[in-house]
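Taken in sequence, the protein lines are chains A, B and C.
Here numbering that gives the first Met the number 0 is used: the first sequence runs in plain steps of one and ends on residue 217.
Here numbering that gives the first Met the number 0 is used: the second sequence runs in plain steps of one and ends on residue 250.
Here numbering that gives the first Met the number 0 is used: the third sequence runs in plain steps of one and ends on residue 218.
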Amino acid sequence: MFWAYVPYMLAGVLWTFALVGGGLGLGFLIGLPIAIGQVYGGRVVKAFLDVYVWFFRGVPLLVLLFLFYWGVFPALGHKLPALEASIIVLGLRSGAYQSQIFRGAIESVGEGQMVAARSLGMSRVSAILHIILPQALRIAIPGWTNEYAILLKDSAICFTLGVLEILTRTRYVVIATGEALLPYITAGFLFIFLTYGGTKVFNVIYEKTRIPGLVWRM
Amino acid sequence: MDVVLRAEDIHKSYGKTKVLKGVSFEVGRGETKVICGPSGAGKSTLLRCLNLLTRPDKGRVWLEDVELTSPSVNINKMRQKIGFVFQEFNLFNHLTALDNVMIGLTKVKKLPKDEARRIAKEALLTVHITEDLWNKYPAQLSGGQKQRVAIARALAMDPVIILYDEPTSALDPHLIGEVLEVMKELARRKVTGLVVTHEIGFALSVADEIMFMYNGRIVERGPPKEVVFNPKHEVTARFFKRISELYGGRK
Amino acid sequence: MSFWEEFFPALLSGFTETLAILAVAIPVSIAWGVVLGSARVYGNRLVSLIAAGIVGLFRGFPLVVTLLILFFGLPELGIYIPPFWTAVLAFILCSGAYQSEYVRGAIRSIDVGQSLAARALGMSKAQELLYVILPQAFRRALPGISNEIIYMIKYSSLAYIVGVTEMFSVSKRFNSLYFRPVEIFFTAAIIYLAMTTAATIGFKLLESKLRIPGLEVEV
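Written out as structure tokens, the structure reads:
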């Protein structure tokens, strides 16, 4: 009985990936500039960024989802659909976490690299773009992989807004079949599988971008 | 002669490398014996085989009349009677000097705290660690102080023999003396000891016997002055040649 | 009665419930994390394998899923416990698994000489773990553990799913009644923020209290 619904559950992977991919992507676009700002920015900029990071890391995802979906977005005039709203919230939050990953990576690239670049006549911006970031981004891959795993599991919380990802569908299957344990356990293993698979992919990327002879300590 | 420690035909290999190729010897009560030899000769491995920190592949070890290598022996109980002083001190980092010496007494020997404290303080004073250092943590002590506390830790357990694994090799030169002094005092007091060391001067002044190890075997043994100044074997001679040049002609 | 006059007391009782969840889940999860982490390093083949399996399972399942499995699964096994304890159990199992990884890493980072010295004194493996290794490993694992506890404070909000009337549940209820989402959820957000901030400061204080003079926590 339950097994007939598995395709329906599996289709949820698409929404889950939308959430995770969107969240990671948006988080990257927010997190990297924040990291650069926190390392190279002035006091005012840093203070503002620190507050952002503090807020989005200190408030539960559940509260953020409801705050934005029911409150902020409608108040701004756009009542976004659940999926889009979730992606944005996940992205804002992931950006806060990713900023710390990138910040650590940038800081571990080392003063010396920046100094050398400047002494060649590079501007700060150029040095950051061509010397610091390429190295920092590679250093950040393990931390980023971890963020993927976290985001994947957090995406399940979006069922509270009704997004048709894996868990929401699982719940509907539970209601439809009257069985609870089997669907939920299946969902659990599906998440494990996705985590494992994704992590493997990132590990391959990390290996392939390795610079021979160079070992980083983060 | 009351034999305290006996090793019989000890063999040990690590992978393809044979480190100990049949080592046998005895240490009598009250004696201080020294093992020396070039690096890689297997000295540290031998010492660790004696209290079973490393299990020998072949051979047997006796402590007084108990065979340590027998499978039925309670090794933890027997280890209480063997003191071990490490090259890297290995003081417990989260405990003060006094607590380091006390912990074996309270947790292993299950002595009441007051008695343990009394014994620990005595041991610390024996190694010249004064009261102002008792509440310091290992990270706050100098190398020489750490090693002396380590000796006190071993001594406090009232062992029948103390094994020293290159006790001064990790020390800065100016700190070596204070540790050797303590070891010499213990030797004079007839605290049974087996010392792996490069400090030939120590051996010459207090050891009852030197055993020269080369390539996994004890090549030569005898009273220090004989082995050092009148060695019978080529390899022994080569090793001690420099020492002769330094000490030769002296008492 | 104005909205706020009704909301605040309700929120306060929700806050109390949240604290109750955490008061149990935090210490027990830390203890469980230490046990699991130690079992993986010091246990025999079988124990170590089982521990690894437990850790893999509860780290791999999203917390929500674990929560739902316990909520629906336990009754099927004939075990009936109130939602509060179901939620607490889920938090302990999930967070404990994550914490055990920090503990395991910390234990393995302790210099092997400490073990050797303990054994040379005649300590058994258990004594070595309890008196020498764990006191040092716990200090090293504390930053990671405190990180997980901060997460737990936030994830406690998920308890509403199984019907626990903690802070988020109260907020949600009030929003359905009064529909003032920005005020309601932002207030809740601030309170959670205060909790996580207080916990962060608290743990920093704890870390400095436990510091051994001269000993750096890092390897």
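A virtual CB, placed ideally from N, CA and C, is assigned to each residue, including glycine.
The way I'd put it, the stretch 44 to 53 of chain C doesn't touch the stretch 193 to 205 of chain C; fewer than three beta-carbon pairs between them come closer than 8 Å.
The closest CA to that of Asp164 (chain B), considering only B:Ile81, B:Asn73 and B:Met0, is found on B:Ile81. Around the beta carbon of Phe47 (chain A), a 10 Å sphere encloses fewer than 16 other beta carbons of the protein chains shown; the residue is thus reported as exposed. For Val218 (chain B), no pairing in a beta bridge is given by DSSP.
Among the residues facing chain C, Gly187 (chain A) is included, as its CB has a counterpart in that chain under 7 Å away. Out of B:Asp64, B:Leu19 and B:Phe85, the CA that lies nearest to the CA of Leu193 (chain B) is found in B:Phe85. Asp8 (chain B) has its alpha-carbon roughly 15 Å from the corresponding atom of Val26 (chain B). Taking 7 Å as the cut-off, the beta carbon of Leu115 (chain C) is found closer than this to the beta carbon of Leu52 (chain B). When the Cα atoms are used, Ile35 (chain A) and Ser12 (chain C) turn out to be separated by approximately 42 Å. For Ser154 (chain A), there is no enclosing alpha helix (DSSP H), since its DSSP letter is neither H nor E. The beta carbon of Ala116 (chain A) sits closer than 6 Å to those of Ala126 and Ile130, all from its chain and outside the five residues before and after it, given in chain order.
Residue state for Ile81 (chain B) is assigned as strand, using DSSP reduced to three classes. Three or more pairs of CB atoms, one per stretch, sit closer than 8 Å, so the stretch 184 to 199 of chain C contacts the stretch 53 to 70 of chain A. Within 10 angstroms of the beta-carbon of Gly77 (chain C) lie fewer than 16 other beta-carbons, which makes it exposed. In this structure, the CA atom of Gly30 (chain A) is about 38 Å from the CA atom of Tyr4 (chain A). For Gly192 (chain B), the enclosing beta strand (DSSP E) begins and ends at Gly192 to Val195. Contact of Ala81 (chain A) with chain C is not assigned, every C-beta pair being separated by 7 Å or more. The bridge partners DSSP lists for Met210 (chain B) are B:Ile34 and B:Arg220. Counting only the Cα atoms, Tyr183 (chain A) lies some 59 Å from Arg59 (chain B). At a cut-off of 7 Å, the C-beta of Phe184 (chain C) has a neighbouring C-beta in chain A. Annotation for Arg107 (chain C): Val40 place their beta carbon closer than 7 Å to its own, counting only its chain and skipping 5 residues before and after. Note that the C-beta distance between Glu147 (chain C) and Gln98 (chain C) is below 7 Å.
With respect to Leu150 (chain A), Leu23 (chain A) sits close: the two C-beta atoms are nearer than 7 Å.
Inclusion of Leu174 (chain B) and Gly143 (chain B) in the CB contact set at 7 Å is warranted, their separation being smaller than that value.
Close partners of Pro212 (chain C) in chain B (Cβ separation under 9 Å): Lys135, Tyr136, Ala138 and Gln139.
Non-local C-beta neighbours of Arg28 (chain B) in its own chain, meaning closer than 7 Å and more than five positions away in sequence, comprise Asp1, Val3 and Thr191, ordered along the chain. If you compare the alpha carbons of A:Phe72, A:Val124, A:Ala95 and A:Gly76 with that of Ser85 (chain A), the shortest gap goes to A:Phe72.
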